[in-house]
Amino acid sequence: STSGWGGVEVATLRIKTPGGERVLELRLPFTATVGEVHERVGEHMGGGKRYRIRSSFPAREYGDDAATLEEAGLTPNALLLLVDA
Numbered sequence: 003s004t005s006g007w008g009g010v011e012v013a014t015l016r017i018k019t020p021g022g023e024r025v026l027e028l029r030l031p032f033t034a035t036v037g038e039v040h041e042r043v044g045e046h047m048g049g050g051k052r053y054r055i056r057s058s059f060p061a062r063e064y065g066d067d068a069a070t071l072e073e074a075g076l077t078p079n080a081l082l083l084l085v086d087a
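Residues 3 to 87 in the numbering used here are what the sequence shown spells out, letter by letter.
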């Protein structure tokens, strides 16, 4: 189910780290932004490094920090890849 947090629709993002050694799982409301995903990834990865977030199919990069997850097509769930910026 995508319902969570008081009826707010929640997306599940599985994000493979560079090298594929870890998969981060984030649950964020559909209205969260791509920028928030970047922030959460930074918190998990540490070091203040910036990563590019991509999907493998269709091949696409998510760089518009103002776009919501819904606008970016990342709902209700998505498998993404982190690439060193």
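Backbone N, C-alpha and C fix where the C-beta goes; we use that ideal spot for every residue, glycine too. Everything numeric in this text was worked out from a predicted model, so none of it was measured.
Check                                                                          : Outcome
CA-to-CA distance, G8 to E63, given in whole angstroms                         : 31 Å
Cα-Cα separation between I55 and P31, rounded to whole angstroms               : 18 Å
Burial state of V36 (16 or more Cβ within 10 Å)                                : buried
Through-space distance from D67 to K51, alpha-carbon basis                     : 16 Å
Status (buried if at least 16 other CB within 10 Å, exposed otherwise) for V39 : buried
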